[in-house]
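Those letters in the sequence shown? Residues 11 to 337, per the numbering used here, in order. Report on the structure given below.
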Amino acid sequence: MKTRTYSPTPANLRRLATALQGGALVAIPTETVYGLAAHALDASACEKIFKAKGRPAHDPLIVHVLDLAHAELLAEFNYTARKLARQFWPGPLTLVLPKKPCVPEIVTAGRDTVALRSPAHPLTRRLLRLAQIPLAAPSANLFGYVSPTSAAHVLDGLAGKIPHILDGGSCRVGVESTILDLTNANRPRILRPGMVTAQELEKFIGTKVAEAATRLRRSKKTGLIAPGMLPQHYSPHTPLIIKDGWTKLPANTAGIFLRKPAGSIVAEAYWLSARGSLAEVARNLYRVLRQADNASHHQIWIETLPADSGGLAAAINDRVRRAAAKR
Ligand code: TXA
Ligand code: MG
């Protein structure tokens, strides 16, 4: 299969919307990471996502919609979910809610809940408006590898496996959306930390929000690992090791700093932010991980943020820990 990257001209957007309606896969830009999209109500289109990514069938997909009205066609919204959607959509917040029968089993991996979000990227919003269908889309990378934040990253992993990529530039946020389980509106629970934080959600809804478990949990009933809690994920091929507060790198080792180091810089040093802004660290994390991974070092050292850094720090540390988890 030949993979083509499209610039966002009106004609190309119309063409890609038609391709999606017809059941084809299209990699789409979102504000968080690129997604690999298919018509969410077409089970055989969604099956192609699992095949292209090498994704296990037990890992459910996020469904992308234009707005709350479209989301309500797919899931049972409660008062809190509506309130949150009105406040945080379009944006990097995914809500897990009881699904309606129209959502195919393959999308939810057989669960009775569905994950929904309304993305903020203007091009994907235009596609959603043109196609008038919900789009199931996990991140557009091979399963287990670092998520893509540019069209070139998508091509790196999925060239020859998918027909279309819409180029929407670099992703503004850079880490995946916050996933909030609202199945029980009285007990909201973060399944994956992201740009929208537990504190922000708590302040807005006035209910305690449980934070994501950082350790691996298995369901007592099924023995399966809860989705989004796979211990190893987002990983480069080169062994990645968390080392805080180092000054000298061993031979054949790349070092990823949080901020640009002062003084002379060795060739093996990478950094995530010039000035130490968390937004910038998040935006650059996957690009720099990929860059260091492609430079054939024997290992990569990376720093984590102090636990009390607030804001995006929980999401950044979560992704770094998963990327560094032993295989
Ligand atoms: O920012 C994002 O969320 C990006 C962009 C493309 O929107 N998407 C993304 O999807 O990161 P990804 O590859 O992480 O896959 C979706 C994840 C699943 O692994 C699972 O953790 C969670 O969403 N998920 C989906 N449906 C779920 C459900 N019914 N219950 C619990 N978790 C669910
Ligand atoms: Mg993913």
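Beta carbons: idealized from backbone N, C-alpha and C, even for Gly.
Contact under 8 Å by Cβ, residue i with residue j
i    : j    : result
P144 : R135 : no
A27  : L46  : no
L288 : G321 : yes
S245 : A333 : yes
A292 : K270 : no
I312 : I252 : yes
P148 : Y44  : no
T248 : Q309 : yes
I189 : V106 : yes
C56  : V117 : yes
G184 : P39  : no
H68  : A119 : yes
K109 : A85  : yes
A91  : L192 : yes
L168 : A141 : no
Element boundaries [alpha helix (DSSP H), containing residue i]
i    : result
R293 : L288 to N304
V330 : A323 to A334
T90  : Y89 to F98
I215 : A208 to I215
I59  : A53 to K63
Limits of the beta strand (DSSP E) - the one that residue i falls within
i    : result
H80  : No beta strand (DSSP E) holds H80; the alpha helix (DSSP H) holding it covers L78 to A81.
L201 : R199 to R202
L250 : L250 to I252
I310 : Q309 to I312
Separation of residue j from residue i, as counted between CA atoms
i    : j    : result
N294 : G154 : 19 Å
P18  : L133 : 7 Å
L268 : P316 : 11 Å
V276 : T42  : 31 Å
R297 : P66  : 25 Å
K336 : W256 : 21 Å
I235 : P20  : Unreliable placement is indicated for I235, whose pLDDT of 49 sits below 50; the coordinate value is still reported in the next sentence. For I235 and P20, the distance between alpha carbons rounds to 43 Å.
G286 : S306 : 26 Å
P173 : E186 : 23 Å
V219 : R199 : 6 Å
R127 : G170 : 28 Å
A324 : A222 : 9 Å
R96  : P70  : 24 Å
T13  : L165 : 8 Å
C181 : A195 : 31 Å
H74  : P260 : 44 Å
A81  : P111 : 13 Å
N262 : L250 : 13 Å
G64  : L51  : 21 Å
V36  : L30  : 7 Å
D303 : H243 : 15 Å
L226 : R202 : Confidence at L226 is low in this model, with a pLDDT of 49, below 50, so its placement is unreliable and the value that follows should be read with caution. In a straight line, the C-alpha of L226 is about 13 Å away from that of R202.
R25  : Y16  : 10 Å
A264 : W281 : 11 Å
M205 : N88  : 23 Å
L76  : I215 : 23 Å
H131 : L83  : 22 Å
E290 : R139 : 30 Å
P237 : T104 : Unreliable placement is indicated for P237, whose pLDDT of 49 sits below 50; the coordinate value is still reported in the next sentence. Cα to Cα, P237 sits roughly 14 Å from T104.
S338 : A272 : The requested residue 338 does not occur in the structure, where the chain is confined to residues 11 to 337.
Beta-bridge pairing of residue i - partner residues as DSSP gives them
i    : result
G32  : DSSP lists no partner for G32.
W281 : F267
H74  : R127 and L145
G45  : I38 and S149
T15  : I175
P108 : T123
A220 : R199
W256 : In the DSSP output, where bridge partners are listed per residue, W256 has none listed.
S245 : Y155
L103 : T188
A85  : K109
Contact test: residue i Cβ vs the ligand GDP heavy atom, cutoff 7 Å
i    : result
P148 : For the ligand GDP, the structure offers nothing, since it holds only the ligand TXA and the ligand MG.
Any C-beta of chain B under 8 Å from that of residue i
i    : result
H247 : The chain inventory of the structure shown lacks chain B, comprising one protein chain alone.
Could you name each continuous beta strand (DSSP E) segment of 3 residues or more that falls completely within the region 118 to 196, going from the start of the chain to the end?
123 to 127, 174 to 176 and 188 to 191
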